[in-house]
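Trainee:
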Amino acid sequence: MTAAAEASAGTIAAEMTPRQRRVIKTIDVAGLIITIATVLGAIFWAFPLYWAVVTTLKPENEVIQPGIQLWPEHFTLDAYVHVLFGTRIGQWYVNSLFTATSVTVGVVAISALAGYAISQLKFPGRRLLWWIILASFMIPVPALIVNHFVLMSQFHLINTYLGIILPQLVYGPVTVIIYKQFFDSVPKEFREAAKIDGANEFQLFFRLYLPMNWGITTALAIITFIGAWNQFLWPFLAATEEPMFNITVGITQVTDAFGVKYARDLGSAILAGLPVAVVYLIFQRRVTQAIMLTAGIKG
Amino acid sequence: MGNVALSHVTKRYGSVQVINDLSLDIEEGSFTALLGPSGCGKSTLLRMVAGLEEITAGSCFIDGVEVTDTPPAKRGVAMVFQSYALYPHMTVRQNIAFSLSIAGANKQVQEERVKEVSRMLQLDQLLDRRPAQLSGGQRQRVAIGRALVRDPQVFLFDEPLSNLDAMLRVQMRLELAKLHQDLKTTMVYVTHDQVEAMTLADKIVVLDKGRISQQGTPLELYNKPANKFVASFIGSPAMNFFKADVTGQDGNAVTLTLPGGRTAKIATRGGKASVGSIDVGVRPEHLDLAAPGTANAAFECTVRIVEQLGNSTLTYVETPAGQLIIEGEGNLQVSPGEARSVVIETQHAHLFGADEQVI
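So the protein lines, in turn, are chains A and B. Counting the first sequence from 1 gives a position; the numbering used here is that position plus 2. Counting the second sequence from 1 gives a position; the numbering used here is that position plus 119.
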């Protein structure tokens, strides 16, 4: 701050009425309280994560010692070594990556096309279709699990990638709704200009509507991927053989004949969650935007 | 180049009739303005020519070929939208080349056409920018470039200057006029701004409630309005109207008793004025201020407001016929509160009957 600016700030402070000073003081105090509350909340939220990480770095006998030990006496990577080399975690990672990516591509492609059709095309039953999609939003996924299982079983798709992927494609009517809303908000002049330029519906979709809503697509893709990666119930039911497990199901198999090994269990859980955490850290803003979108708040 | 013909065209949205049995011929190479207030159906008419609105009844022809049911892309038209409708995720180059790329033209052809058009519109330096990085005038030029690159038979403009500020609007108006002179392509231009229509078009079609109120050259419409609607819509400041009583007619000359008791003789355009009340219309520049008590004055008046615009002076006066606007010279010496007389240049006055048509 220059001398002149300092002098000016001093003058302003001197000119303030006691009431104005009180108001500023109140704001500072409120800010302080909020900051402290936020920090405490963050500690409260982060402590289990910290505890999990610290536990995985302890030898097993140290883990089961009574009392709270915030820092390991002896550091060891035994738990990770066991999980990485003593289990099929590599295969589970591949399974998760393949199924989550397939679900993401499928959900985004189907939702974008469905959203475009409902938003921009005029065909008989369009309104009915829209109401069905809205209504399906209200049906909880677990309510469909038995139907899905019977259906996949009849198609002989249990214990196949397709069997794990297909039912998850209908988990996201909300993505159709979001796409529809975004396509609705594209000014109709773009469509008309492109029509005059000779574009057909596919060209309109792939060259205008999709690129113009690229941000939404990436946001929805990320959140769909995270959701598919974290999916447990359906993959748990659809895969009964260990080589077909994805990571969330696989880590339930990291047990030992001699009892529970907490460090190993937590190590496998941390390794399972790591890719999602990395994806989140890289695309933090997009994920926040997607969560706001799915909550009905336009980002 | 192509002419446009609309034959008994009607447009309905449910029970609402927007265009009502309208027929119109737009000559090849002309610059035709569709002029009218909001909701008169001018944009709908343009969109029907473009193929963006279905025609409920009637036919549309471009260059002699019926295109009533032809898709927009196959009509040989290009349209410039009010909002420009530039694709925000594409560069200027991609925007201009879009139609060529859709048509499957090879890259070299696209590049050559883009260069040609961008040179014509002075967009060469902006080809790699996106629409968000351009000013309003530049966006407008890109929108024109996108239309130009298609080499259309007919250009359609839907209020293309209404989003620009006043100065830029004047500049773009000039550029459009130059473009028309250079290309000599048929242009149809929708506007609610009569100044734009008057300055750009060689033919103006005034629309009112989905019907053609009058069509003709700008000066025809200005000097010989066919009805009260056109008379009031064309011209700024607007024409003055007041009631008078017809007391007699000798040939084309109608004798009127004006509010305040004085009489005037105004010529009709061949029509017969029925005895009784009639509307008289006089443009502000055809009224003159004179000294109080002038013998041939129509009214005695009191000056209320004086607006000195430099090149002219607008004087709002209170007369027995109500408030009138008088447009005088820029250096006119007059002050609010003064008593004056108003003289009508009767050779420029218009008479409108009860059906609001000129007599």
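Beta carbons: idealized from backbone N, C-alpha and C, even for Gly. Just so we're clear, the structure is a prediction, and the values are computed from it rather than from any experiment.
Looking at chain B, which residues of the segment 191-214 of chain A have a Cβ within less than 7 Å of any of its Cβ atoms?
Mentor: Glu191, Phe192, Glu194, Ala195, Lys197, Ile198, Asp199, Gly200, Ala201, Gln205, Leu210, Pro213 and Met214
Trainee: How many Å lie between Lys347(B) and Thr434(B) at the Cα?
Mentor: 23 Å
Trainee: I believe Ile181(B) touches Arg166(B) by the beta-carbon criterion, under 8 Å. Please report the beta-carbon distance rounded to the nearest angstrom.
Mentor: That belief does not hold up - the Cβ atoms of Ile181(B) and Arg166(B) are roughly 14 Å apart, past 8 Å.
Trainee: Compute the distance between the beta-carbons of Gly121(B) and Gln290(B), then report whether it is under 8 Å.
Mentor: no
Trainee: According to DSSP, simplified to helix, strand and coil, what is Ser237(B)?
Mentor: helix
Trainee: Excluding sequence positions up to five away, which residues of its chain have a Cβ less than 7 Å from the Cβ of Glu62(A)?
Mentor: Within its own chain, the residues whose Cβ lies closer than 7 Å to the Cβ of Glu62(A), once the five positions on either side in sequence are excluded, are Lys263 and Ala265, listed in chain order.
Trainee: Does DSSP classify Met246(A) as helix, strand or coil?
Mentor: Reduced to three states, the DSSP call for Met246(A) is helix.
Trainee: Looking at the unbroken beta strand (DSSP E) that takes in Met306(B), where does it start and where does it end?
Mentor: Thr305 to Thr310
Trainee: Please give the ranges of any alpha helix (DSSP H) in the segment 241-307 of chain B, keeping only runs that are unbroken, at least 4 residues long and fully inside the region.
Mentor: 255-267 and 285-302
Trainee: Give the secondary structure of Gln304(A) by DSSP, where H, G and I count as helix, E and B as strand, and everything else as coil.
Mentor: The structure shown has nothing for residue 304(A), since chain A only spans 3 to 301.
Trainee: How is Ser218(B) classed by DSSP in three states: helix, strand or coil?
Mentor: helix
Trainee: Using DSSP with H/G/I as helix, E/B as strand and the rest coil, what is Ala39(A)?
Mentor: Three-state DSSP puts Ala39(A) in a helix.
Trainee: With distances taken between CB atoms, is the gap from Val477(B) to Arg388(B) smaller than 8 Å?
Mentor: yes
Trainee: Report the option in Val365(B), Ser142(B), Asp301(B) and Leu295(B) whose CA atom is closest to the CA atom of Tyr308(B).
Mentor: The candidate whose alpha carbon is nearest that of Tyr308(B) is Leu295(B).
Trainee: Please go through the segment 342-429 of chain B and give each complete alpha helix (DSSP H) segment of 4 or more residues, from N-terminal end onward.
Mentor: At a cut-off of 4 residues, the continuous stretches assigned as alpha helix (DSSP H) that sit fully inside the segment 342-429 of chain B are 347-352.
Trainee: To the nearest angstrom, how far is it from the Cα of Asp277(B) to the Cα of Arg288(B)?
Mentor: 14 Å
Trainee: Suppose contacts are defined by Cβ-Cβ distances below 8 Å. Is Leu443(B) in contact with Val373(B) by that definition?
Mentor: No, the Cβ-Cβ distance between Leu443(B) and Val373(B) is not below 8 Å.
Trainee: Let me know if Tyr52(A) comes out buried or exposed under the rule of 16 or more other beta-carbons within 10 Å of its beta-carbon.
Mentor: The residue is exposed, with fewer than 16 neighbouring Cβ atoms inside 10 Å.
Trainee: Would a check of beta-carbon distances place His469(B) closer than 8 Å to chain A?
Mentor: no
Trainee: Look up Arg232(B) in the DSSP assignment and say whether it is helix, strand or coil.
Mentor: Three-state DSSP puts Arg232(B) in a helix.
Trainee: Please classify Thr421(B): is it buried, with 16 or more other beta-carbons within 10 angstroms of its beta-carbon, or exposed?
Mentor: Counting Cβ neighbours within 10 Å, Thr421(B) comes out exposed, since fewer than 16 surround it.
Trainee: Under a Cβ-count criterion, where at least 16 other Cβ atoms within 10 Å of its own Cβ denotes burial, should Ala274(A) be classed as buried or exposed?
Mentor: buried
Trainee: Could you tell me whether the segment 86-105 of chain A touches the segment 242-258 of chain A, using the rule of 3 or more Cβ pairs below 8 Å?
Mentor: yes
Trainee: Leaving out the 5 sequence neighbours to the left and right, which residues in its chain are closer than 6 Å to Gly379(B) when beta-carbon positions are compared?
Mentor: Phe418 and Pro439
Trainee: Just verifying my parser: in three-state terms, what is the DSSP assignment at Ala169(B)?
Mentor: In the structure shown, Ala169(B) sits in a helix (DSSP, three-state: H, G or I).
Trainee: Any beta carbon of chain B sitting closer than 8 Å to that of Pro126(A)?
Mentor: Answer no: the Cβ-Cβ gap between Pro126(A) and chain B never drops below 8 Å.
Trainee: First and last residue of the beta strand (DSSP E) that includes Gly129(B)?
Mentor: One point to set straight first is that residue 129(B) is Thr, not Gly, in the sequence displayed. Looking at the DSSP string, the run of the beta strand (DSSP E) that includes Thr129(B) is Val123 to Tyr132.
Trainee: Under 8 Å, do Arg258(B) and Leu205(B) count as touching if we go by C-beta distance?
Mentor: Yes, the Cβ-Cβ distance between Arg258(B) and Leu205(B) is below 8 Å.
Trainee: Whole angstroms are fine: how far does the CA of Gly165(A) sit from the CA of Val251(A)?
Mentor: 15 Å
Trainee: Looking at the structure shown, is Asn139(B) part of a helix, part of a strand, or coil, going by DSSP?
Mentor: strand
Trainee: Which value, in whole angstroms, describes the spacing of the CA atoms of Asp199(A) and Gln252(B)?
Mentor: 23 Å
Trainee: Establish whether the CB of Val477(B) and some CB of chain A are separated by less than 8 Å.
Mentor: no
Trainee: Starting from Leu171(B), find everything on chain A with Cβ-Cβ shorter than 8 Å and list it in chain order.
Mentor: Glu194, Lys197 and Ile198
Trainee: Quick check on Leu326(B): does DSSP put it in helix, strand or coil?
Mentor: strand
Trainee: At the level of alpha carbons, what is the spacing between Thr151(B) and Ile225(A)?
Mentor: Going by C-alpha positions, Thr151(B) is about 53 Å away from Ile225(A).
Trainee: Quick check: what's the CA-CA separation for Ile134(A) versus Arg128(A)?
Mentor: The C-alpha of Ile134(A) lies about 10 Å from the C-alpha of Arg128(A).
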